[in-house]
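Have a look at the structure below before the remarks.
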Amino acid sequence: MAEPGGDVLAAQLAAELRHWQRAAHELTDLDLVAAPRAWAALESYLGTSVRAGLTRSAQAVATRADQLAAQLPGATAPDDLARLRDRVLALRQSYVRAETVIDFFGDAVGTRTNPRLAQLLRGLDLLAVDAMDRILGPLGVPVPAVLVYLDKGLGASILRAGIRLWDASLSPAAAIKITRHNVLRPTSLIHEAGHQITHLTNWTDELATALHEALVPASPIAAEAWRSWASEVAADVVAFVLTGYAPVPALADVVDGTTAAVYRMPPGDPHPMGLLRVAFNAALCRYWYGAGAWDDLARIWLYRHPVHAAPPESALVARATLPLLPEIVRVCTERPMRAFGGRPLSALADPRRVAPAELRRLADGAGAALYTSSYLQRLEPMRILAWTVLRSQRPDDNADRDLETWLRRLGTDHATAAA
17 MAEPGGDVLA AQLAAELRHW QRAAHELTDL DLVAAPRAWA ALESYLGTSV RAGLTRSAQA
77 VATRADQLAA QLPGATAPDD LARLRDRVLA LRQSYVRAET VIDFFGDAVG TRTNPRLAQL
137 LRGLDLLAVD AMDRILGPLG VPVPAVLVYL DKGLGASILR AGIRLWDASL SPAAAIKITR
197 HNVLRPTSLI HEAGHQITHL TNWTDELATA LHEALVPASP IAAEAWRSWA SEVAADVVAF
257 VLTGYAPVPA LADVVDGTTA AVYRMPPGDP HPMGLLRVAF NAALCRYWYG AGAWDDLARI
317 WLYRHPVHAA PPESALVARA TLPLLPEIVR VCTERPMRAF GGRPLSALAD PRRVAPAELR
377 RLADGAGAAL YTSSYLQRLE PMRILAWTVL RSQRPDDNAD RDLETWLRRL GTDHATAAA
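The C-terminal position of the sequence shown is numbered 435 in the numbering used here, with every residue numbered one higher than the one before it.
Shown next, in the form of structure tokens:
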């Protein structure tokens, strides 16, 4: 077969480049990624931040495409055309990476097309910001914008603000996934906010070292395991100091499963095995609050999933860990940390303020105003959330209705104030 001539090669390359140039420019129209109604449902600063970041990503690809198009008329020699084709292929990869970023945030924003859900998610945005501010604020660390979105699955997740994305741009907001089954029991939101807090304060590495140092004299095996789990442990502890026992039943539902599943320890997994994660969260409550419902939960888990039924390696870690839980709690909550200016985490967020008795005292004192007072909404959102989630554990309670109404009011009032 005869080689194609230079004119044919140039025409084909021009057609390929036109395609990616057109696609790149279409990517800059963010109203094609998510409906204008969904963008309008974002808080103004959040919407501006996200749109600006995504626009920069799209425009960078479009500019690159325009520059290649300007080079095309001067490329006539086979070597020139070959080099330009390599650049077009690189442009194609840049487009795919930028599209991945834009589609991720576009899908997240798109969950707000429904007005009712948009109000609820905006309220969750504000709760996540408040959670971060309670720890980052006293440290003088700026709180990033937060975009909460709804998705399927068992567990929540976060794409942290400021990390490098697929196209090497920086994430314009902390994007937190909340699952459908927990949307009205959204304490996992605080765990995910905890990941952003630990990232911005560099607490994870410090906690990992502290746990290892504290545990290694008693059990090198437990010390190594808990060092490897420090990132998830840190986020659980943040959720505890801000909302107390409230996250624990929801966490137990997420990590529940067969005995084999709750003792699973995949290599490199930063999550503690399910059994120990529930036991640790119960131990946090026991250490700070004394006896309570958390003890029953821990007993039930050990009854359903006895250590002797665990795989040998998991059983070894579990047996070594269970007696050390009070020491692990002490290190996590009471040990002074550089990340917190030489103070323990409990000095920034006192977990005793979210003890069940304290939450009840708040609710009894506020009465019907608990969910309607703008003052309490600004001052006590973490404690209102914690109390309402605890209420949802009781049968025949209207906690879900009250929480949805409160969250929607929270989001609506803030949007009105910002307008």
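For each residue, glycine too, the CB sits at the ideal point set by N, CA and C.
Every value quoted in this text rests on a predicted model; they were computed, and no experiment measured them.
N- and C-terminal bounds of the beta strand (DSSP E) containing residue i
i      : result
Thr445 : Outside the displayed span of the chain (17 to 435) sits residue 445, for which this structure offers no information.
Ile213 : Note, Ile213: premise wrong, no beta strand (DSSP E); alpha helix (DSSP H) at Ser204 to Thr217.
Ser173 : Ser173 to Leu175
Simplified DSSP state of residue i, which is helix, strand or coil
i      : result
Arg425 : helix
Leu395 : helix
Ile316 : helix
Arg4   : Nothing about residue 4 can be reported from this structure: the residues present for the chain run from 17 to 435 only.
Val162 : strand
Arg180 : strand
Leu100 : helix
Leu133 : helix
Arg359 : strand
Ala435 : Residue confidence for Ala435 is low, a pLDDT of 45 falling below 50, so the modelled location carries little weight and cannot support an answer.
Leu142 : helix
Asp366 : coil
Leu186 : strand
Val199 : coil
N-terminal and C-terminal residue of the alpha helix (DSSP H) that residue i is part of
i      : result
Ile237 : Pro236 to Ser244
Glu350 : Leu341 to Glu350
Thr79  : Ser60 to Gln87
Ser330 : Pro328 to Thr337
Leu386 : Premise fails: Leu386 is in no alpha helix (DSSP H) and is neither H nor E.
Pro52  : Pro52 to Ala56
Closest residue to residue i among the options (Cα-Cα distance)
i      : options                           : result
Trp245 : Leu43, Pro288 and Ala268          : Pro288
Val323 : Ala334, Arg315 and Thr71          : Ala334
Leu137 : Gly358, Glu59 and Arg67           : Glu59
Arg128 : Gly290, Arg53 and Leu419          : Arg53
Trp422 : Ala31, Glu396 and Arg410          : Glu396
Ala298 : Asp285, Leu313 and Gly290         : Leu313
Gly156 : Gly357, Ala40 and Phe120          : Gly357
Leu401 : Glu115, Pro282 and Gly139         : Gly139
Leu33  : Val66, Glu374, Arg410 and Arg103  : Arg103
Ser321 : Asp311, Thr274, Thr44 and Ala336  : Residue 321 is actually His in this sequence, not Ser. Cα-wise, what sits closest to His321 is Thr274.
Leu375 : Asn414, Leu143, Thr259 and Arg394 : Thr259
Gln83  : Phe120, Pro94 and His41           : His41
Phe121 : Thr64, Arg150, Gln393 and Arg80   : Thr64
Thr116 : Arg180, Lys168, Leu88 and Leu100  : Arg180
Ala39  : Trp403, Arg108 and Trp182         : Arg108
Val199 : Thr404, Thr428 and Asp429         : Thr404
Beta-carbon proximity check, residue i vs residue j, cutoff 8 Å
i      : j      : result
Ala226 : Arg302 : no
Arg315 : Ala266 : no
Arg196 : Leu170 : no
Leu152 : Leu216 : yes
Pro160 : Ala177 : yes
Ser389 : Ala382 : yes
Gly69  : Ser185 : yes
Leu340 : Ala234 : yes
Gln37  : Ala74  : no
Arg242 : Ile174 : A quick correction: the sequence has Trp, not Arg, at residue 242. Not a contact, by the Cβ cut-off of 8 Å.
Trp55  : Val162 : no
Leu11  : Thr349 : Lying outside 17 to 435, the shown extent of the chain, residue 11 is not represented and no answer is given.
Trp304 : Pro367 : yes
Leu97  : Ala27  : no
Leu46  : Ala114 : no
Arg424 : Ala415 : no
Asp272 : Val264 : no
Ala224 : Val232 : no
Arg369 : Arg399 : yes
Val254 : Ile213 : yes
Ser247 : Pro283 : no
Pro411 : Gly308 : no
Ala262 : Val294 : no
Ala384 : Leu392 : no
Distance cut-off 7 Å: residue i Cβ against heavy atoms of the ligand PLP
i      : result
Asp146 : No copy of the ligand PLP occurs in the structure displayed, which carries no ligand at all.
Legend entry - Uninterrupted beta strand (DSSP E) stretches inside the region 262-294 (no shorter than 3 residues): none
Legend entry - Minimum length 4: unbroken alpha helix (DSSP H) runs contained in the region 20-48: 22-43
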